[in-house]
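Participant:
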Amino acid sequence: MATNLVSQIMDYLTPDIISKIAGYFGLERSSAQKVINASVPALLVGLVGLSSKPEGARQLSSVLSQQPSGMLDNLRSLAGGSQQRTLAENGASLLSSLFGGGGFNSLAGVIGKFAGIGEGTSKSMLGLLGPLVLGGVAQQQRQSGLDAEGLSSFLASQKDNIASAMPSGLSSALSGTGLLDTAGDTWRTGTAAVSEAARRGTAAASATSSNWLPWALGLLALVGLAWWLSSQTGNRVAQQPSTTITETGQSFVVGGVNVAGQVTAAINAMRSALQGVSDTNSAQAALPRLRQAAANLDNASGLANQLPASGRNALASRVAAEIPALDRDFTTAMARPEIADVLRPEINSLRTKLNALSRG
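Listed below in structure tokens is the structure:
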């Protein structure tokens, strides 16, 4: 049976895992599913474009060859807390190195708008899904013994599967990012295929392979997601003691919204915005994202007031654990006076809101 890389990856994003992802980010399950349905084919078509040029194929082949084959053992060691950065942060960094920071940011922006979520949350979810997608390609590369040229051919052979999996309207949105330009006729052929499939009213089959590759990929996804969802409170500059809903037995859900997940998403958005600040122009560009994070904290504060006392206290403890690292981020971002002048009002506002949440 011909390999369908999209199906092999998607088959292991089970409803239970998708529900956990949704809860972690404070999203409705349907929103998380929409992000996943868009992100997996978008990331793959980006890899098709990257590998369509010799230098890009060599870069991707090199990155994939560095992915350890003993991922399960490595993930067991990560569960012990030896790694300071979360899986999502590492994934986002890896995607940025492959697509360029601007390309990754553009992709996150498009996915966020398409799914109706914030760009910070979109980046974190792409960072989570990126290693899964790259892991699937790396397993195929090892299994088939592909060099850079063979990898390029394999990814090009997946264009119809990728195009068939692309949600309606996403390809046109992605075309404006420039990320897909390098795929050239390969991608245009693929999008033509999905248009034809839509006219026929057919859907791509999700075949389940019986060989060891999908099982290995599935185990990697399950173990990696279980560790990430249970041991981290969100993207961190430095790892802090984590408190999870499972560990505390405390529910943070109000009206179907995970308040803790919403706070985490806001914190992720702050960090993501601050990491891109290097001068006054980038500081100005970060302001809308910081203001959106502040608005999300306000919304979370209102919902937190509806939690029982035990829930408010547990949430306050989680926020308090994040504040020292966030203070360091704020101080670092404002190290230069001219940047501090731009950021100070928003950062002062964020500090006030975080301190209020930390008091319960």
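Okay, so the sequence shown: first residue is 79 according to my numbering, each after it adds one. We put the beta carbon where it would ideally sit given N, CA and C, even for glycine.
1. With distances taken from CA atoms, which of 233, 239, 248 and 142 is nearest residue 209?
2. Pop quiz: residue 378 and residue 344 are said to be a contact at Cβ under 8 Å. What is the actual Cβ separation, rounded to whole angstroms?
3. If we count the other Cβ atoms within 10 Å of its Cβ and call it buried at 16 or more, is residue 441 buried or exposed?
4. In three-state terms, what does DSSP make of residue 85?
5. Should residue 327 go down as buried or exposed, given a rule of 16 or more other Cβ atoms within 10 Å for buried?
6. Distance check for residue 401 and residue 131, CA to CA, integer angstroms please.
7. Residue 379 lies in the alpha helix (DSSP H); which residues open and close that run?
8. Can you name, in chain order, every residue of its own chain whose Cβ lies under 6 Å from the Cβ of residue 92, other than the five neighbours on each side?
9. Tell me the DSSP secondary structure of residue 341 in three-state form.
10. In or out: residue 197 buried (at least 16 other Cβ within 10 Å) or exposed?
11. Whose C-beta lies closer than 6 Å to the C-beta of residue 337 among residues of the same chain, with five residues either side of it excluded?
12. Just grab the DSSP bridge partners of residue 336 for me.
13. By Cβ distance below 6 Å, which residues in the same chain neighbour residue 187 in space, the five residues on each side in sequence not counted?
14. Would you kindly check if the distance between the Cβ of residue 435 and the Cβ of residue 393 is under 8 Å?
15. Would residue 339 pass as a contact of residue 194 if the rule is Cβ separation under 8 Å?
16. Which residues bound the alpha helix (DSSP H) around residue 114?
17. Whole angstroms is fine: what's the gap from residue 165's alpha carbon to residue 366's?
18. If you reduce the DSSP assignment to three classes, tell me which class residue 244 lands in.
19. What residue does the alpha helix (DSSP H) around residue 94 start on, and which one ends it?
20. What's the call for residue 362, buried or exposed, on a 16-neighbour Cβ count within 10 Å?
21. With DSSP as the reference, label residue 219 as helix, strand or coil.
22. Count the other CB atoms within 10 Å of the CB of residue 70; is the residue buried (16 or more) or exposed (fewer)?
23. Would you grab the beta carbon distance between residue 333 and residue 390 for me? Rounded to a whole angstrom, and I think it's under 8 Å.
24. Can you list, in chain order, the residues of its chain with a C-beta nearer than 6 Å to that of residue 433? Leave out the 5 residues immediately preceding and following it.
25. At which residues does the alpha helix (DSSP H) containing residue 404 begin and terminate?
26. Classify residue 364: buried if its beta carbon has 16 or more other beta carbons within 10 angstroms, exposed otherwise.
27. By Cβ distance below 8 Å, which residues in the same chain neighbour residue 177 in space, the five residues on each side in sequence not counted?
28. Kindly indicate which residue of 87, 182, 357 and 227 has the alpha-carbon position closest to the one of residue 134.
29. Return helix, strand or coil for residue 429, following the three-state DSSP convention.
30. One question on the structure: do residue 138 and residue 169 come within less than 8 Å of each other, judged by their Cβ atoms?
Facilitator: The answer reads as follows:
1. For the purposes of this step, residue 209 is identified with residue 131 of the sequence shown, where counting begins at 1. Closest option to residue 209, Cα to Cα, is 142.
2. Along the sequence shown, one-based indexing puts residue 378 at 300. Along the sequence shown, one-based indexing puts residue 344 at 266. About 7 Å; that satisfies the 8 Å criterion.
3. With the chain covering only 79 through 438, there is no way to say anything about residue 441.
4. Start at 1 with the first residue of the sequence shown, and residue 85 comes out as number 7. DSSP places residue 85 in helix when its eight states are reduced to three.
5. Within the sequence shown, residue 327 is the residue found at index 249, counting from 1. Residue placement at residue 327 is flagged as unreliable, the pLDDT there being 40, under the threshold of 50; the coordinate-derived value follows with that caveat. The residue is exposed, with fewer than 16 neighbouring Cβ atoms inside 10 Å.
6. Locating residue 131 in the sequence shown gives position 53, where the first residue counts as 1. Locating residue 401 in the sequence shown gives position 323, where the first residue counts as 1. Their Cα atoms are separated by approximately 44 Å.
7. In the sequence shown, the residue the question calls residue 379 occupies position 301. Residues 358-382.
8. Counted from its first residue, the sequence shown places residue 92 at position 14. Here the set comprises nothing.
9. Within the sequence shown, residue 341 is the residue found at index 263, counting from 1. Helix at residue 341.
10. Here residue 197 is taken as the residue at index 119 of the sequence shown, counted from 1. Burial call: buried.
11. Here residue 337 corresponds to residue number 259 of the sequence shown, with the count starting at 1. 330, 378, 381 and 382.
12. Mapped onto the sequence shown, residue 336 falls at position 258. Answer is 331.
13. The count along the sequence shown starts at 1 and reaches residue 187 at position 109. Cβ neighbours of residue 187 beyond the five flanking positions: 197.
14. Translated into positions along the sequence shown, residue 393 becomes position 315. Translated into positions along the sequence shown, residue 435 becomes position 357. Result yes, Cβ atoms of residue 393 and residue 435 sit closer than 8 Å.
15. On the sequence shown, position 261 is the one that residue 339 refers to. On the sequence shown, position 116 is the one that residue 194 refers to. Contact: no.
16. The residue you call residue 114 lines up with position 36 of the sequence shown. Its alpha helix (DSSP H) spans residues 107-129.
17. Translated into the one-based positions of the sequence shown, residue 165 becomes position 87. Translated into the one-based positions of the sequence shown, residue 366 becomes position 288. Cα to Cα, the separation comes out at about 26 Å.
18. Locating residue 244 in the sequence shown gives position 166, counting from the first residue. Note: residue 244 maps to coil in three-state DSSP.
19. Within the sequence shown, numbered from 1, the residue matching residue 94 stands at position 16. Run containing residue 94: 93-103, per the alpha helix (DSSP H) assignment.
20. As a working note, residue 362 is residue 284 in the sequence shown. Residue 362 comes out exposed.
21. Against the sequence shown, residue 219 aligns to sequence position 141. It is helical.
22. Nothing about residue 70 can be reported from this structure: the residues present for the chain run from 79 to 438 only.
23. Mapped onto the sequence shown, residue 333 falls at position 255. Mapped onto the sequence shown, residue 390 falls at position 312. Not quite, the Cβ-Cβ distance comes to about 16 Å (not below 8 Å), so this is no contact.
24. Along the sequence shown, one-based indexing puts residue 433 at 355. There are no such residues.
25. Indexing the sequence shown from 1 puts residue 404 at position 326. 387-411 is the span of the alpha helix (DSSP H), which, as asked, contains residue 404.
26. The sequence position of residue 364 within the sequence shown is 286, counting from 1. Buried: at least 16 other Cβ atoms inside 10 Å.
27. Translated into positions along the sequence shown, residue 177 becomes position 99. Excluding sequence neighbours, residue 177 sits near 124, 128, 185 and 257.
28. Taking the first residue of the sequence shown as position 1, residue 134 is located at position 56. When each option's Cα is compared against that of residue 134, the closest is 227.
29. Against the sequence shown, residue 429 aligns to sequence position 351. Helix at residue 429.
30. As a first step, residue 138 is located in the sequence shown; it is residue number 60 there, counting from the start. As a first step, residue 169 is located in the sequence shown; it is residue number 91 there, counting from the start. Not in contact: residue 138 and residue 169 (Cβ atoms no closer than 8 Å).
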